Amino acid sequence: MKSTDVLIIGAGISGLLAARELAAAGRSVRIVDKGPAGRESSWAGGGILSPLRPWRMPEAVTALCAWSQQCYPGLVEELLESTGLDPEWRQSGLLILDPEEPAAIDAWCAAHGVRREWIEPAALASLEPRLAPSSRPAIRLPGVAQVRNPRLLRAILADVRRLGIAIEEDAAVTAIEARDGRVSRVATAKGVFVAETYLVTAGAWSAEVLGALLPNLPVVPVKGQMLAFQASGGLVEHIVLAGDRYLIPRRDGIVLCGSTVEQRQFDKVPDVEGRRILLEFACRWLSALADAEVVGHWAGLRPGSPEGIPFIGPVPSFANLYLSCGHFRNGLTMAPASARLVADLILGRPPIVPAQPYGVP
901 MKSTDVLIIG
911 AGISGLLAAR
921 ELAAAGRSVR
931 IVDKGPAGRE
941 SSWAGGGILS
951 PLRPWRMPEA
961 VTALCAWSQQ
971 CYPGLVEELL
981 ESTGLDPEWR
991 QSGLLILDPE
1001 EPAAIDAWCA
1011 AHGVRREWIE
1021 PAALASLEPR
1031 LAPSSRPAIR
1041 LPGVAQVRNP
1051 RLLRAILADV
1061 RRLGIAIEED
1071 AAVTAIEARD
1081 GRVSRVATAK
1091 GVFVAETYLV
1101 TAGAWSAEVL
1111 GALLPNLPVV
1121 PVKGQMLAFQ
1131 ASGGLVEHIV
1141 LAGDRYLIPR
1151 RDGIVLCGST
1161 VEQRQFDKVP
1171 DVEGRRILLE
1181 FACRWLSALA
1191 DAEVVGHWAG
1201 LRPGSPEGIP
1211 FIGPVPSFAN
1221 LYLSCGHFRN
1231 GLTMAPASAR
1241 LVADLILGRP
1251 PIVPAQPYGV
1261 P
């Protein structure tokens, strides 16, 4: 039996950044994961560091996103310095081709200090000449950034290991045992682990991991499929959003297209229909992609939750059990703030934002 101050279940970005925070405060930390570390939704998404239409988000989501967005440039610099790995944070801006709520958009941007620009169709053609023409004004959010999330995960993993934090991969949880209002130990495929404090950051699998300890946790898997094209550089400069789908240009000519939103339980196999939907969208807005090679097609499972508000904090029935899960489509965006907030609550520090909106049921 291996003992530590904090045992984290789930080695996605939420768990890894929480481990960094707790280790920085002097706690010994171990992470267990059912598979390879950092290979679920943290890896599978597009790396957009903003909600797609932020004015539609609850204020609880906005608060964590705003804190994290301020944190990301410094975090990326720290990781580059400590590991030599560049996550490629880039402020490419977000171009929304079909904004439907101009008054709400303007009001939200003014209230939150977010710069926005309305772009008329003629100006849009000059700004992004390879995009299909639009008859409607678009909106540009120039402050929106992106990151290459697989590279970000590699950098965070390297940094976590540099800090001496143990990561047990392929260590699926088989039982969480509790006694007298406290979790006493966690059994996994790699052995039994005990800790003073337990933190579940298992993404779409969080409710499954907790089982009877928290039977009504409303976190469910939501499948999303993505395509990657190898194109020539400079096809498009901005992240482009229309409807629920988007294009994301990378520096090396890769263009990502995402994503679907599917209720398929734990099925994360990419399929022909998902490929068709994404190909149709990509070629509708950027016709040059019709001649580009599709170099990737994959799917991930987002941790869906009511209104996309994550559950962050202590589980009321257990004195030493905490959660950080249910981030839905904005886990990467909210990750630094979520990690700091849950660390604050575990360590008894003043929280970076009021914790009440994220309370565990």
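In the numbering used here, the protein residues as written are 901 to 1261. From the three backbone atoms N, C-alpha and C, an ideal C-beta is built for every residue, glycine too. Note that the structure is a prediction, hence the values are computed from the model and not measured.
How long is the line joining the alpha carbons of GLY1259 and SER982, rounded to whole angstroms? Cα to Cα, GLY1259 sits roughly 34 Å from SER982.
DSSP puts ILE909 in a beta bridge; with which residues? Per DSSP, the beta-bridge partners of ILE909 are VAL932, VAL1100.
Counting C-beta neighbours from all protein chains within 10 Å, is the total for TRP1018 16 or more, i.e. buried, or is it exposed? Around the CB of TRP1018, fewer than 16 other CB atoms lie within 10 Å, so the residue is classed as exposed.
How about the region 1063 to 1080 and the region 998 to 1013: do they share at least three Cβ pairs that are nearer than 8 Å? As far as the Cβ criterion goes, the region 1063 to 1080 does not touch the region 998 to 1013, which means the pair count is below three.
Of the listed residues HIS1227, PHE1211, ASN1230, nearest to LEU1284 (C-alpha basis): What is shown of the chain runs 901 to 1261, which leaves residue 1284 out entirely.
CA-to-CA distance, PRO1236 to LEU964, given in whole angstroms: C-alpha of LEU964 to C-alpha of PRO1236: approximately 8 Å in a straight line.
Determine the DSSP secondary structure at THR1160, reduced to helix, strand or coil. If DSSP states are grouped into helix, strand and coil, THR1160 belongs with coil.
Contact set for VAL1280: own chain, Cβ-Cβ below 8 Å, skip 5 residues either direction: Limits of the chain in this structure are 901 at one end and 1261 at the other, which puts residue 1280 out of reach.
Assigned secondary structure, ALA1131 (DSSP; H/G/I helix, E/B strand, else coil): In the displayed model, ALA1131 falls within coil according to three-state DSSP, outside both helix and strand.
Considering only C-alpha positions, which residue in the set GLY1133, ILE1139, ASP1144 is nearest to ASP1152? ASP1152 has its Cα closest to that of GLY1133, out of GLY1133, ILE1139, ASP1144.
Does the region 1195 to 1205 come close enough to the region 1099 to 1115 that 3 or more CB-CB pairs lie under 8 Å? Between the region 1099 to 1115 and the region 1195 to 1205, the count of Cβ pairs shorter than 8 Å is three or higher; the stretches touch.
Alpha carbons only, please: which of ALA960, MET957, GLY1226, TRP989 is nearest the one belonging to CYS971? Proximity to CYS971 across ALA960, MET957, GLY1226, TRP989 peaks at TRP989, based on C-alpha coordinates.
From HIS1012 to PRO954, what distance separates their C-alpha atoms? One Cα belongs to HIS1012, the other to PRO954, and the distance between them is close to 10 Å.
Express the C-alpha separation of ALA1010 and GLY1231 in angstroms, rounding to a whole number. Taking the CA atoms as reference points, GLY1231 sits about 25 Å from ALA1010.
On the DSSP letters alone, give me the boundaries of the beta strand (DSSP E) that PHE1267 sits inside. This structure does not reach residue 1267, given that the chain is present from 901 up to 1261, and the question cannot be answered.
Quick check on the burial criterion: 16 or more other C-beta atoms within 10 angstroms. Buried or exposed for GLY1091? Exposed, because fewer than 16 other Cβ atoms sit within 10 Å of the Cβ of GLY1091.
Taking DSSP as the reference, what is the three-state secondary structure of GLN1125? GLN1125 falls in the strand class under three-state DSSP.
Buried versus exposed, by CB contacts within 10 Å (16 or more), ASN1049: In this structure ASN1049 is buried. Its beta-carbon is surrounded by 16 or more other beta-carbon atoms within 10 angstroms.
Can you check which of these residues, VAL1122, ARG1184, PRO999, is closest to PHE1228 by C-alpha distance? Nearest C-alpha to PHE1228: VAL1122.
Just the Cα atoms here: how many angstroms apart are PRO1118 and SER1205? Distance between the alpha carbons of PRO1118 and SER1205 is about 6 Å.
Just reading off the beta strand (DSSP E) that ILE1039 is part of, what are its end residues? Residues 1038 to 1041.
For a quick check, are the C-beta atoms of VAL932 and LEU922 less than 8 Å apart? No, these two residues do not count as a Cβ contact at 8 Å.
Start and end residues, alpha helix (DSSP H) containing ALA1010: ALA1010 -> alpha helix (DSSP H) spans 1002 to 1012.
Report back the beta-carbon spacing between GLY993 and ARG927 to the nearest angstrom; my notes put them in contact at under 8 Å. Their Cβ separation, rounded to whole angstroms, is 39 Å, which puts GLY993 and ARG927 out of contact at 8 Å.
Per DSSP, which residues does CYS1225 bridge with? Please list them. Paired residues: PHE1211.
Cα separation between ASP1244 and PRO1250? So the two alpha carbons sit approximately 6 Å from each other.
Cutoff 7 Å; reference GLY915; Cβ partners in own chain excluding five residues on either side: Excluding five sequence positions before and after GLY915, the CB atoms of its chain that fall closer than 7 Å to its own CB belong to ILE908, ILE931, THR1101, given in chain order.
Where the alpha helix (DSSP H) through TRP1185 begins and ends: Annotation for TRP1185: the continuous alpha helix (DSSP H) segment containing it runs 1172 to 1185.
Under 8 Å Cβ to Cβ from VAL1253, same chain only, skipping five residues before and after it: list those, please. Around VAL1253: ALA963, LEU964, TRP967, ALA1237, LEU1241.
At which residues does the alpha helix (DSSP H) containing SER1035 begin and terminate? Looking at the DSSP string, SER1035 is not in any alpha helix (DSSP H), and its letter there is neither H nor E.
What are the residues that DSSP puts in a beta bridge with PHE1093? In DSSP, PHE1093 forms a bridge with LYS902, VAL1086.
Check each candidate in ARG1145, ALA944, VAL1094, PRO1033 and name the one with the smallest Cα separation from LEU1179. Check the Cα spacing between LEU1179 and each of ARG1145, ALA944, VAL1094, PRO1033: the tightest is with ARG1145.
In the DSSP assignment, what are the bridge partners of GLY1204? In the DSSP assignment, the residues bridged to GLY1204 are VAL1120.
Excluding the 5 residues flanking LEU1195 on each side, which residues of the same chain have their C-beta closer than 8 Å to its C-beta? Looking at the sequence itself, residue 1195 is Val, so the reference to Leu does not match. If you ignore the 5 residues before and after VAL1195, its C-beta comes within less than 8 Å of the C-beta of ALA1128, PHE1129, GLN1130, ILE1154, all in its own chain and listed in chain order.
Which residue's Cα is closest to the Cα of GLU1077: ARG1175, THR1160, GLY1111? Residue nearest to GLU1077 within the set ARG1175, THR1160, GLY1111 is GLY1111 (criterion: CA-CA distance).
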